[in-house]
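These notes are about the structure you will find just below.
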């Protein structure tokens, strides 16, 4: 389930990173072309006003289409609410697992320094995402820590 969510987030981020700059360029050139087309028949100030009005109308049409799409998506999401609840339960279970198995010193550090923890997580995530060797080192460190922690807890419970 988490892999599916991760792939969905990656795909959405990639599409957004590609489409948004391209759309901005397209709309900028479209506006410039409209201005030049209107400036042949109208004075420059009026051509700029007509171009801006066309842009506002285009934005309004896009917002109406988005609202209609969200309304239809809302109807289909009611049928998918069961899978959403399962995803939420999975997230709650995962969070409870992390709380139970987290090292108290690390938990305290994260609680006291959330900004540093976020930056460290970001840097480690980027490094692990780009380097197979670094990812393997992190997995080995985690395996060793997990083994020693489970051994420590089993001795502590006795």
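In this note's numbering, the protein residues as written are 8 to 165. Even for Gly, the Cβ is constructed at its ideal location relative to N, Cα and C.
So, is residue 58 buried or exposed, given that buried needs 16 or more other C-beta atoms within 10 angstroms?
-> With 16 or more other Cβ atoms within 10 Å, it is buried.
Return the CA-CA distance between residue 149 and residue 25, expressed in angstroms with no decimal places.
-> Note on geometry: alpha-carbon atoms of residue 149 and residue 25 lie some 35 Å from one another.
Grab me the residues of residue 21's own chain with a C-beta within less than 8 Å of its C-beta, minus the 5 sequence neighbours each way, in chain order.
-> None.
Alpha carbon to alpha carbon, how far is residue 2 from residue 29?
-> In the structure as shown, the chain begins at 8 and stops at 165. Residue 2 is therefore absent and cannot be evaluated.
Inter-residue Cα distance where the pair is residue 33 and residue 79 = Straight-line Cα distance between these residues: approximately 28 Å.
Does the distance from the CB of residue 131 to the CB of residue 113 come in under 9 Å?
-> One thing to note: residue 131 has its Cβ no nearer than 9 Å to the Cβ of residue 113.
Is the Cβ-Cβ distance between residue 54 and residue 48 less than 9 Å?
-> Yes.
Within the 9 Å Cβ cut-off, does residue 121 reach chain B?
-> Included in the structure is just one protein chain, with no chain B present.
Pick helix, strand or coil for residue 138, following the three-state DSSP scheme.
-> Assigned with DSSP and collapsed to three states, residue 138 falls in coil, not helix or strand.
Taking only the alpha-carbon atoms, compute the straight-line gap between residue 157 and residue 19 and give it to the nearest angstrom.
-> Their backbone Cα atoms lie some 38 Å apart in a straight line.
How many angstroms separate the CA atom of residue 74 from the CA atom of residue 12?
-> The alpha-carbon of residue 74 is positioned some 25 Å away from that of residue 12.
Whether residue 61 touches residue 35 by CB criterion (9 Å) | No, the pair does not count as a contact, with Cβ atoms beyond the cut-off.
Using the C-alpha atoms, what's the distance from residue 70 back to residue 160?
-> For residue 160 and residue 70, the distance between alpha carbons rounds to 56 Å.
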